[in-house]
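*Asks:*
In the numbering used here, the protein residues as written are 448 to 518.
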């Protein structure tokens, strides 16, 4: 999460309107136990990277359908 945009696995889209990041999550320890994420937070960030301009989704991964767009 504290990475730049180059090679950031959470960066889903980058264009003139800003950046869209997908942050997976789950029960405490989900990554260490090797289980898949069950939650996702999807945020749009301003083009200058200083502000979150939209919370697109914050909840169960099963209820989110990611748009098919290029980075």
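Using N, Cα and C, we set each Cβ at its ideal position, and we do this for glycine too. Small disclaimer: the values here were computed from a predicted structure and weren't measured.
What residue does the alpha helix (DSSP H) around residue 478 start on, and which one ends it?
*Replies:* Here the alpha helix (DSSP H) through residue 478 covers 477 to 480.
*Asks:* From residue 506 to residue 486, what does the alpha carbon distance come to, in whole angstroms?
*Replies:* 5 Å
*Asks:* Please list, in chain order, all residues of the same chain as residue 489 whose beta carbon is under 6 Å from its beta carbon, the five residues on each side excluded.
*Replies:* The residues 469, 503 and 504, in chain order, have a CB closer than 6 Å to that of residue 489 in the same chain once the five nearest residues on each side in sequence are set aside.
*Asks:* Return the CA-CA distance between residue 478 and residue 495, expressed in angstroms with no decimal places.
*Replies:* 30 Å
*Asks:* List the endpoints of the continuous beta strand (DSSP E) containing residue 502.
*Replies:* 499 to 507
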